[in-house]
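In full-length UniProt numbering, the protein residues as written are 1 to 175.
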């Protein structure tokens, strides 16, 4: 029995098991590739996003991972960034992930991609700007320490200013 889509045909067999994985007649072909689509490119495609939208989305998606992070732990993350950082307050993505894992902050691959898009330059990720954005995202979580600090149930007002280098938006928290 053969499955046909348009003019392409493929043998209709089950997925290969470990004993028959070498035989060519039992290969499984995903439907997406039968129609002529390149599966690797379709999975890796991320729609283009502007820098402003990237920062807004990053603030929103960082709220969840930073819900259980205290202000003290957030400062410890900054010290870890500084310890592993290099020239001009830059850190590699690998070192950033290791510092965040030390402090039990789990980030999805989408968040890491947004961080790299928004903060990565020639020499790595600008961790000072990233940390300021993390502080703002943590302030939006509504933690007791944030509510106690600002004396209200709402997060502090935020204004944006562009960084000196002009590559990233730095949130400025006003009380």
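Quick reminder that beta carbons are idealized off the backbone N, C-alpha and C, glycines included. Bear in mind the structure is a predicted one, so any value in this text is a computation, not a measurement.
Contacts around residue i, its chain only, beta-carbon distance under 7 Å, and the 5 residues preceding and following it disregarded
i, result
"residue 21", "In this predicted model, residue 21 has a pLDDT of only 49, less than 50, meaning its place in the structure is not dependable; the value taken from the coordinates is given anyway. Closer than 7 Å at Cβ, skipping near neighbours: no residue."
"residue 119", "125, 126, 129, 130 and 168"
Burial state of residue i (16 or more Cβ within 10 Å)
i, result
"residue 53", "exposed"
"residue 98", "exposed"
"residue 136", "buried"
"residue 132", "buried"
"residue 65", "buried"
"residue 110", "exposed"
8 Å Cβ shell around residue i - same chain, five flanking residues per side excluded
i, result
"residue 67", "141 and 143"
Counterpart residues of residue i in DSSP-defined beta bridges
i, result
"residue 120", "125"
"residue 90", "126"
Where the alpha helix (DSSP H) through residue i begins and ends
i, result
"residue 70", "Taken as a continuous stretch (DSSP letters only), residue 70 belongs to no alpha helix (DSSP H), as it is neither H nor E."
"residue 51", "51-63"
"residue 104", "That residue, residue 104, is in no alpha helix (DSSP H); it is neither H nor E in DSSP."
Original post:
Quick check: the segment 84-94 against the segment 46-61, are there 3 or more CB pairs under 8 Å?
Top reply: Taking a cut-off of 8 Å on C-beta distances, the segment 84-94 does not touch the segment 46-61, as fewer than three cross pairs fall below it.
Subject >> Contact between the segment 67-80 and the segment 106-117 (3+ Cβ pairs under 8 Å) >> reply: No, they do not touch.
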